[in-house]
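These protein sequence lines map, in sequence, to chains A and B. In short: position in the first sequence from 1, add 1124, done, that's this note's numbering. In short: position in the second sequence from 1, add 11, done, that's this note's numbering. Here a beta-carbon is modelled for each residue, glycine too, at the ideal position from N, C-alpha and C. Note that the structure is predicted; figures quoted are calculated from it, not measured. In what follows, a structure is listed as structure tokens, so that the remarks can point back to it.
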Amino acid sequence: MSEQAFVQVRDLKRVFDVSKPWLNRVLERQDKQFLKAVDGVSFDIRKGETFALVGESGSGKSTVARMVVGLLHPSGGTVSIDGVSMSDAKAAQERQRLRKRIQMIFQDPYASLNPRWRVGRIIAEPIHAFGIIQGDAAITERVGELLSLVGLHPDDGKKFPHEFSGGQRQRIAIARALASNAEFIVCDEPTSALDVSVQAQILNLMRDLQQKFGLTYLFISHNLAVVRHMATRIGVMYLGRLVEVSDGKQLFAAPRHPYTRMLLDAVPDLAMVGKPREGVKGEIPNPINPPSGCTFHPRCPLVFDRCRVENPPVIDGVACHAVNAGRVAA
Amino acid sequence: MTQPVLSVQELTVEFVTRRGTLRALDKVSFDVARGEVLGVVGESGAGKSVTGSAIIGLIDPPGRIAGGKVVLSGERVDNLPPEEMRRLRGKRIGMIFQDPLTSLNPLYRVGEQLVETIQTHTDLNAADARKRAIALLDEVGIPAPDRRIDGYPHEFSGGMRQRVVIALALCAEPEFIIADEPTTALDVSVQAQIITLIKRLCKERGTSVMLVTHDMGVIAETADRVAVMYAGRVAEVGPVRDVIKEPLHPYTQGLMGAIPSITGEAERLVQIPGSMPRLSSIPKGCAFNPRCSKVFARCHVERPELIDVGGHQVACHLYDQASAGKTEIAA
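Set out below in structure tokens:
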């Protein structure tokens, strides 16, 4: 299994220093404060699949995405893509070659495109940066090709980003990601800023492109319905930890971790017309001072003594004492 | 039929700009009955929020109400002088906004804001108003309300803040509440709690609610009836079950298919080509005609009015008897 994994994430950690300034700490006699945004996350992504990370705000899913592409240095743990470590200094040269195979699509297409560049230049930037094609005519032709691939007109390259709607801008961002012939694309909430009818267009486009080019996606979203539609495998995050990893269909048919169950019960859905809903307890606690043991224990219906002291390891895709000890049928 | 709490009739809102007059709402009509939750859905730019602002008279210049009327419990309110409108706001029509952080003043304790609102609208003294505020916080599900009432908004989490905003809206026991995207800024698990709360409160108090949102899932669970808006017009109004299960308007049909579901089996989402027109270039006839798969000649020239079709209303020529013959040719 580990041999064919395209992306390997092992025990990934990221700690942010959220302390007050030095003088305040001295005067108010406070210690440094740290926020564990990601706390020991491990998963594999196979080639050609869509691995989705879901979770509520503050669960650390975007932080994981940024560490996987190398925008953020991990505080611990490793990320390796196609066997090349993203942090090992010895692999610097190989990593340089790997770079062009990894691209990212961001949440807000209004912020991720330079408003003063023409669309053609935006899309050509990765081509220039990696020196993939030489000669202006050839590059222009390639840009036109990419634009038609994402459903825009080749002449749209002469326009500026403000002339496009949100959905069209996201198409431009996708064209840019494809410009360097990327194989692995990290999508951080690619459709959450879009309207539903436009979201459907972008999700369908992403699936078409995946089939056409055999792309591998790491798909970050808080929207469970979108994730269900896109993902082959899904990881559920809670307070910086991965609580359940499961096959896409499996997760929705038979959720195992109590948090996943609660989350699925909470999603408003079209099929729920007129049905009473399950009550959901509490909110995500403050990540600066998370609960001891299993961080979900204050909200968990299956809590018992061990949960309050000991952090459950991920066994067979689920990190829960109750499930692992066989106390609940899962 | 009993009198509706709120009746909006042919409401038209225009914005005068340098590039001409933009019509944000074009003859929007709907009623909200007592104790009913009317969901208003649509994509960005459909005019959902403008409808809410127009009802409580919060359209800022250059926008203006250019036609139609708003009737609250039999009394016309859209042409009231500003001073009377100000008294009506909060007292008879409550508002819940999207972002609970910006609708609370960060510099005042939650209790001060509640007491101020209660005293503005009722003649309770300070001590009674405070008691009332505590009771309201308790009712919206804030634990230890007698202690939390002295907290500042930043000490509350997102969901708790939205509860405070709901308590604020309830202060004067309004007969009608406009909730503009009340759960959009919240996480799903908290969103579910707020939906349940809004539903329970309307039931207990008999308050009518206009719930504006772009999330069909929220509408499906909360609303009794739903109005679908497109380009400043109402495309379809009907009981929520009918509109979701058997949508009539081609736009609603596309919209329902475009929403990924956690239970559905669809491999591919339905795609509506194109996007909502800009207000400056709304097509002639039916506003949806360039994106519609069932378009025929009449759609390009004549704007469809809302007509009754089996229990719900739809603005589409396909269901008009007069064009029945032509439909078959088009199909």
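For the alpha helix (DSSP H) containing residue i, name the first residue and the last one.
i: His1353 of chain A; result: 1348-1354
i: Lys1283 of chain A; result: Looking at the DSSP string, Lys1283 of chain A is not in any alpha helix (DSSP H), and its letter there is neither H nor E.
i: Phe1337 of chain A; result: 1320-1337
i: Ile205 of chain B; result: 199-216
i: Phe1254 of chain A; result: 1243-1254
Once the 5 residues before and after residue i are set aside, which same chain residues still bring their CB inside 8 Å of it?
i: Leu1327 of chain A; result: Thr1315, Val1350, His1353, Met1354
i: Gly322 of chain B; result: Gly249, Pro250, Asp253
i: Met287 of chain B; result: Glu54, Ser55, Gly56, Ala57, Tyr241, Ala242
i: Arg1380 of chain A; result: Glu1368, Ser1370, Gly1441, Val1442, Cys1444, Val1447, Ala1454
i: Pro1409 of chain A; result: Leu1363, Pro1415, Thr1419, Pro1422
i: Lys38 of chain B; result: Glu21, Leu22, Thr23, Gly78, Gly79, Arg244
Is the CB-CB distance between residue i and residue j below 8 Å?
i: Gln1258 of chain A; j: Ala1317 of chain A; result: no
i: Ala1324 of chain A; j: Ile1229 of chain A; result: no
i: Gly53 of chain B; j: His225 of chain B; result: yes
i: Lys317 of chain B; j: Val306 of chain B; result: Note on residue identity: the sequence assigns Leu, not Lys, to residue 317 of chain B. Contact: no.
i: Val1274 of chain A; j: Ala1248 of chain A; result: no
i: Arg103 of chain B; j: Glu186 of chain B; result: yes
i: Arg34 of chain B; j: Gly243 of chain B; result: yes
i: Pro1233 of chain A; j: Lys1137 of chain A; result: no
i: Phe1076 of chain A; j: Asp1206 of chain A; result: Within the shown structure, residues of chain A are numbered from 1125 to 1454, placing residue 1076 of chain A beyond reach of any answer.
i: Ala1443 of chain A; j: Arg1365 of chain A; result: yes
i: Val1208 of chain A; j: Val1310 of chain A; result: no
i: Val199 of chain B; j: Leu1387 of chain A; result: yes
i: Gly169 of chain B; j: Leu147 of chain B; result: no
i: Gly50 of chain B; j: Thr233 of chain B; result: yes
i: Ala203 of chain B; j: Asp1393 of chain A; result: no
i: His328 of chain B; j: Cys303 of chain B; result: no
Taking the alpha-carbon positions, what's the residue i to residue j distance?
i: Val223 of chain B; j: Arg1293 of chain A; result: 26 Å
i: Phe299 of chain B; j: Tyr241 of chain B; result: 8 Å
i: Ser114 of chain B; j: Ala180 of chain B; result: 11 Å
i: Ser1126 of chain A; j: Gly1441 of chain A; result: Because Ser1126 of chain A sits at a pLDDT of 45, beneath the cut-off of 50, its placement in the model cannot be relied upon, and the point is left open.
i: Glu1407 of chain A; j: Cys310 of chain B; result: 49 Å
i: Lys1171 of chain A; j: Leu1342 of chain A; result: 11 Å
i: Phe1308 of chain A; j: Ile145 of chain B; result: 54 Å
i: Ser292 of chain B; j: Val1320 of chain A; result: 22 Å
i: Glu86 of chain B; j: Tyr119 of chain B; result: 35 Å
i: Ala341 of chain B; j: Pro294 of chain B; result: Any reading at Ala341 of chain B is ruled out, since the residue's pLDDT is 41, under 50, leaving its predicted position unreliable.
i: Leu1177 of chain A; j: Asn1347 of chain A; result: 10 Å
i: Leu36 of chain B; j: Thr195 of chain B; result: 23 Å
i: Asp319 of chain B; j: Met227 of chain B; result: 23 Å
i: Leu1276 of chain A; j: His1252 of chain A; result: 21 Å
i: Gln1227 of chain A; j: Ala1216 of chain A; result: 18 Å
i: Val82 of chain B; j: Val19 of chain B; result: 6 Å
i: Leu1151 of chain A; j: Asp1163 of chain A; result: 31 Å
i: Asn1238 of chain A; j: Pro1285 of chain A; result: 8 Å
i: Gly78 of chain B; j: Arg1223 of chain A; result: 59 Å
i: Ile67 of chain B; j: Glu247 of chain B; result: 23 Å
i: Ala1161 of chain A; j: Asp149 of chain B; result: 33 Å
Once you ignore the five residues that flank residue i on each side, which residues in its own chain have a CB closer than 6 Å to its CB?
i: Gln173 of chain B; result: Pro111, Ile205
i: Pro258 of chain B; result: Gln264, Met267
i: Val1142 of chain A; result: Gln1157, Leu1159
i: Cys1424 of chain A; result: Pro1382
i: Arg143 of chain B; result: Ile129
i: Val88 of chain B; result: Val81
Hey, could you find the ends of the beta strand (DSSP E) residue i is sitting in?
i: Cys1311 of chain A; result: 1308-1312
i: Lys1214 of chain A; result: First-last for Lys1214 of chain A: undefined, no H or E at that position.
i: His323 of chain B; result: 323-325
i: Arg1170 of chain A; result: 1158-1170
Under 7 Å Cβ to Cβ from residue i, same chain only, skipping five residues before and after it: list those, please.
i: Gly152 of chain B; result: Arg174, Leu208
i: Asp1280 of chain A; result: Val1243, Leu1271
i: Met171 of chain B; result: Ile153
i: Arg1219 of chain A; result: Val1208, Met1210
i: Val1433 of chain A; result: Ser1416, Gly1417
i: Leu125 of chain B; result: Ala144, Leu147, Ala178, Leu179, Cys182
If you measure from the CB of residue i, is any heavy atom of the ligand SAM nearer than 7 Å?
i: Ser18 of chain B; result: No copy of the ligand SAM occurs in the structure displayed, which carries no ligand at all.
- Message: I'd like to know if the region 1363-1375 of chain A and the region 1331-1339 of chain A are in contact, where contact means that at least 3 CB-CB pairs between them fall below 8 Å.
- Response: Cβ pair count under 8 Å is below three, so no.
- Are the region 160-172 of chain B and the region 44-64 of chain B touching by the rule of at least three beta carbon pairs closer than 8 Å? Flag = no, the region 160-172 of chain B and the region 44-64 of chain B do not touch.
- Three CB pairs or more closer than 8 Å across the region 60-74 of chain B and the region 189-206 of chain B: With the cut-off at 8 Å, the region 60-74 of chain B and the region 189-206 of chain B touch.
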